[in-house]
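*Asks:* Have a look at this one before I ask anything.
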Amino acid sequence: MTTTPQHRQALCRRTVLAATAASAGTLALTACGDDGGSEGETAPGSGPIAALVDVPVGEAVAVTTPNGAEALLFRSDETTVAAFSAICTHAGCGVQPDGDRLHCPCHDSVFDAATGERLEGPADAPLPPIRVRIEDDQVIVE
Ligand code: FES
């Protein structure tokens, strides 16, 4: 399978990481930076992507970013949410939630839902993180 321009456009190759902040209800995040990615790639947009109540602790869920890209959310505890592109880094298939893991059905790559790191399969790169925060019981793409 090849990566289509739509898949490439959906990727946010900027380095972004959601992590827990010390205070409840907030997330510490690194900013998207220019990593020299290909032209035509876009950020995931900004705005709400899920109600916090719809993201159970310990389970990944599929969501759509404000710009229409497929993404995955994982809530590791009450105040920590991580988000990643759902486009597999192997060949561009759609990665799906699978409990506390993220699974690509095309060639069985498996990623850690909390970090996006590859755990199994042919993908050789982690899923690109998406910068998110919790605000007013919503998960927001920054
Ligand atoms: S596209 Fe091959 S493992 Fe995802």
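To convert a position in the sequence shown, counted from 1, into the working numbering, add 3. Glycine residues also receive a C-beta, built at the ideal position from the N, C-alpha and C atoms. Bear in mind that the values here come from a model prediction, so they are computed numbers and not experimental data.
#1: Cβ of Gly-119 within 7 Å of any heavy atom in the ligand FES?
#2: Relative to the C-alpha of Gly-48, which residue among Ala-65, Ala-63, Ala-74 is closest?
#3: Using a Cβ-Cβ cut-off of 6 Å (strictly less than) and excluding sequence neighbours within five positions of Cys-107, which residues of its own chain qualify?
#4: Report the partner residues of Ala-54 according to the DSSP bridge assignment.
#5: Taking the alpha carbon of His-110 as the point to measure from, which residue in Thr-118, Asp-103, Pro-100, Gly-124 has its own alpha carbon closest?
#6: Rounded to a whole number of angstroms, what is the C-alpha to C-alpha distance between Gly-102 and Ala-89?
#7: Measuring alpha carbon to alpha carbon, tell me which of Val-56, Asp-80, Ala-94, Asp-115 ends up nearest Phe-87.
#8: Hey, would you say the C-beta of Pro-132 is under 7 Å away from at least one heavy atom of the ligand FES?
#9: Measuring only the C-alpha atoms, how far is Val-113 from Glu-120?
#10: If you drop the 5 nearest sequence neighbours on each side, which residues of the same chain put their C-beta closer than 7 Å to that of Glu-145?
#11: Can you tell me the Cα-Cα spacing of Thr-68 and Ala-126, whole angstroms?
#12: Alpha carbon to alpha carbon, how far is Ala-85 from Val-58?
#13: Who are the near neighbours of Arg-78 in its chain, counting only those whose CB is closer than 6 Å to its CB and skipping five residues on each side?
#14: I'd like the list of long-range same chain contacts for Ser-63, defined as Cβ closer than 8 Å, with 5 residues on each side in sequence excluded.
*Replies:* Considering the structure as presented:
#1: One-based indexing of the sequence shown puts residue 119 at position 116. Gly-119 Cβ: outside cutoff for every heavy atom of the ligand FES.
#2: Translated into positions along the sequence shown, residue 48 becomes position 45. Checked all of Ala-65, Ala-63, Ala-74; the closest Cα to Gly-48 is Ala-74.
#3: Here residue 107 refers to the residue found at position 104 when the sequence shown is read from its first residue. Cβ neighbours of Cys-107 beyond the five flanking positions: Cys-91, Cys-96, Val-98.
#4: Position 51 of the sequence shown, counted from the first residue, corresponds to residue 54. DSSP output for Ala-54 lists Gln-141 as bridge partner(s).
#5: What you label residue 110 is simply residue 107 of the sequence shown in a count that begins at 1. Per the Cα distances, Gly-124.
#6: By 1-based counting over the sequence shown, the position of residue 102 is 99. By 1-based counting over the sequence shown, the position of residue 89 is 86. Distance between the alpha carbons of Gly-102 and Ala-89: 15 Å.
#7: Indexing the sequence shown from 1 puts residue 87 at position 84. Considering only alpha carbons, the answer is Asp-115.
#8: Position 129 of the sequence shown holds residue 132. The answer is no for Pro-132.
#9: On the sequence shown, position 110 is the one that residue 113 refers to. On the sequence shown, position 117 is the one that residue 120 refers to. Taking C-alpha positions only, Val-113 is separated from Glu-120 by approximately 9 Å.
#10: Translated into the one-based positions of the sequence shown, residue 145 becomes position 142. Once the five neighbours on either side are set aside, the close Cβ partners of Glu-145 are Leu-32, Ser-49, Arg-134, Val-135, Arg-136.
#11: For the purposes of this step, residue 68 is identified with residue 65 of the sequence shown, where counting begins at 1. For the purposes of this step, residue 126 is identified with residue 123 of the sequence shown, where counting begins at 1. Rounded to the nearest angstrom, the gap between the Cα atoms of Thr-68 and Ala-126 is 23 Å.
#12: As a first step, residue 85 must be located in the sequence shown, where it is residue number 82. As a first step, residue 58 must be located in the sequence shown, where it is residue number 55. Rounded to whole angstroms, Ala-85 to Val-58 spans 11 Å at the Cα level.
#13: Taking the first residue of the sequence shown as position 1, residue 78 is located at position 75. Excluding sequence neighbours, Arg-78 sits near Val-58, Val-60, Val-84.
#14: For the purposes of this step, residue 63 is identified with residue 60 of the sequence shown, where counting begins at 1. Here residue 63 is Ala; the residue named in the question, Ser, does not match the sequence. Excluding positions up to five away in sequence, the list reads Leu-75, Leu-76, Phe-77, Pro-100, Asp-101, Gly-102, Asp-103, Arg-104, Leu-105, Ala-116.
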